[in-house]
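Chains as they are written, first to last, in my numbering: chain A, 32 to 188; chain B, 32 to 188. Below is one structure, written out as structure tokens; the observations come after it.
Protein chains: 2
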Amino acid sequence: MPASPDLDDISFLGRLAEALSTRIEEQTRDLFADAGIVIPVRSCSLLTALRHAGEASAAELARTLGQSHQLVVQKCPALLRLGLITQHADPVDARRKLFRLTDEGAAQMALLDTYTAGISAVYERLFEETGDTHAVLLKTLKALDARPLRERVAAIP
Amino acid sequence: MPASPDLDDISFLGRLAEALSTRIEEQTRDLFADAGIVIPVRSCSLLTALRHAGEASAAELARTLGQSHQLVVQKCPALLRLGLITQHADPVDARRKLFRLTDEGAAQMALLDTYTAGISAVYERLFEETGDTHAVLLKTLKALDARPLRERVAAIP
DNA sequence: TATACAATATATTGCGCAATATATTGTATA
DNA sequence: TATACAATATATTGCGCAATATATTGTATA
């Protein structure tokens with residue numbers, strides 16, 4: 032829905048990145064709807080991590096995903112409501128609550144798997160059109176992490 | 032703060048774009064703080080449009096910016112509180128409320144102007160390192176607008 | 001003029017995220 | 001053992017945005 036941001040302003044790059052992010056999320060949601068996948072797009076990586084771990088606490092998932100613990104905890108109620116995961120007390124550490132995929136959750140991930148190769152192929156072809164968006168984004172992010180805008184601007188004569 | 036997203040998952044590109052967007056916003060905020068610029072980063076384009084228009088209603092600004100009218104309206108109270116803009120009833124159309132930059136708002140934009148060339152130079156040098164992030168993002172956004180992921184995936188044999 | 005419609009503004013709700021504070025439980029150390 | 005600290009979870013608040021509904025005012029048309 033949002034138009035491409037115009038360029039006559041200092042925040043053009045951030046707004047462009049945000050526009051791309053929201054566009055991809057919208058279109059992925061549409062794709063999922065077509066495919067009968069009920070996984071919230073923003074929880075894909077969480078469920079992938081959980082499938083890989085088998086069983087994990089919110090704190091573990093957060094570390095794996097590089098997200099905050101609070102954010103993971105905030106996503107879980109929706110996943111519980113959708114019947115994709117279950118929650119158990121850890122028998123050996125009462126501080127922890129462990130999450131697991133349900134059968135339904137595993138089935139949804141399996142359904143997602145059937146699209147993974149196709150989606151990867153789509154992105155590869157897209158990047159042939161546009162330049163390697165993935166590589167460029169990653170390089171830009173790393174460059175800004177290595178040396179933030181403030182330092183770069185301060186170094187201008 | 033958020034780490035670079037990992038890649039073993041279908042939402043990698045969206046998460047990467049979002050990470051870049053938030054990184055740029057954070058770093059621009061830091062830059063503004065150093066420079067004594069009190070403009071909210073996400074209102075830069077609004078104030079730029081308002082300066083250009085001289086005087087404009089929320090609906091006009093929304094059209095100019097390609098944002099929703101509601102979003103523009105939501106940003107204005109903060110800008111009023113900061114003393115950057117003022118609000119007036121339109122004498123010829125009672126539906127409209129017109130916004131203008133205050134002297135302080137104009138001064139802040141002038142202060143921002145003194146950094147614009149430097150920031151542009153920084154981005155140009157950054158893009159020499161990373162590939163032309165701006166062009167690649169724009170191309171990717173346009174490609175997805177022209178043909179959404181759903182169609183692209185459906186066309187895979 | 002009266003009525004329907006368009007344009008504008010406002011209010012409410014919800015999502016996803018960040019930041020902060022607090023409570024609970026486990027672990028290490030005096 | 002007692003105490004301090006670490007790890008984990010929970011609750012609250014706020015921001016920025018999207019979506020939706022409603023009220024108000026202007027404009028076009030019967």
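The C-beta atom is built at its ideal place from N, Cα and C for all residues, glycine as well.
Cutoff 8 angstroms: Ser-35 of chain B Cβ touching any chain A Cβ: As a first step, residue 35 of chain B is located in the second sequence; it is residue number 4 there, counting from the start. Its pLDDT being 43, under 50, Ser-35 of chain B is placed unreliably by the model, and the measurement read from it follows with that caveat. So yes, Ser-35 of chain B belongs to the interface.
Can you name the residues of chain B whose CB is closer than 7 angstroms to the CB of Cys-75 of chain A? As a working mapping, residue 75 of chain A is identified with position 44 in the first sequence. Within chain B, the residues near Cys-75 of chain A are Asp-40, Ile-41 and Ser-42.
Taking CB distances under 8 angstroms as the criterion, tell me whether Thr-171 of chain B reaches chain A. The residue given as residue 171 of chain B occupies position 140 in the second sequence. Judged by the 8 angstroms Cβ criterion, Thr-171 of chain B is in contact with chain A.
Using the beta-carbon count (16 or more within 10 Å), is Gly-136 of chain B buried or exposed? On the second sequence, position 105 is the one that residue 136 of chain B refers to. When all chains shown are included, Gly-136 of chain B counts as buried.
When burial is assigned at 16 or more other CB atoms within 10 Å of the CB, is Lys-238 of chain B buried or exposed? Residue 238 of chain B cannot be examined here, being either before or after the span of chain B that is shown, 32 to 188.
From Gln-101 of chain B to Leu-92 of chain B, what distance separates their C-alpha atoms? As a working mapping, residue 101 of chain B is identified with position 70 in the second sequence. As a working mapping, residue 92 of chain B is identified with position 61 in the second sequence. Near 11 angstroms, if we compare the C-alpha coordinates of Leu-92 of chain B and Gln-101 of chain B.
Name the chain B residues whose beta carbon is nearer than 8 angstroms to that of Ile-150 of chain A? If you number the first sequence from 1, residue 150 of chain A lands on position 119. Per Cβ cutoff of 8 angstroms: Ile-41, Leu-180 and Val-184.
List the residues of chain A whose Cβ lies closer than 8 angstroms to the Cβ of Thr-59 of chain B, in chain order. Residue numbering aside, residue 59 of chain B sits at position 28 when the second sequence is read from its first letter. Correct list: Ile-41, Ser-42, Gly-45 and Leu-180.
Secondary structure of Ile-55 of chain B, DSSP reduced to three states: If you number the second sequence from 1, residue 55 of chain B lands on position 24. In this structure, Ile-55 of chain B counts as helix in the three-state DSSP scheme.
Hey, is Ala-89 of chain B's beta-carbon within less than 8 angstroms of any beta-carbon in chain A? Position 58 of the second sequence holds residue 89 of chain B. Not one chain A Cβ lies under 8 angstroms of Ala-89 of chain B.
Nearest-angstrom Cα separation, counted from Leu-47 of chain B out to Glu-182 of chain B: In the second sequence, counting from the first residue as 1, residue 182 of chain B sits at position 151. In the second sequence, counting from the first residue as 1, residue 47 of chain B sits at position 16. Glu-182 of chain B and Leu-47 of chain B: Cα-Cα distance of roughly 22 angstroms.
Along the chain, where does the alpha helix (DSSP H) containing Ala-148 of chain A start, and where does it finish? Position 117 of the first sequence, counted from the first residue, corresponds to residue 148 of chain A. Taken as a continuous stretch (DSSP letters only), the alpha helix (DSSP H) holding Ala-148 of chain A covers 134-161.
Look at the Cβ atom of Ser-52 of chain A, then the Cβ atom of Gly-97 of chain B, and state whether they are nearer than 8 angstroms. Position 21 of the first sequence holds residue 52 of chain A. Position 66 of the second sequence holds residue 97 of chain B. No; because the gap between Cβ atoms is not below 8 angstroms, this pair is not in contact.
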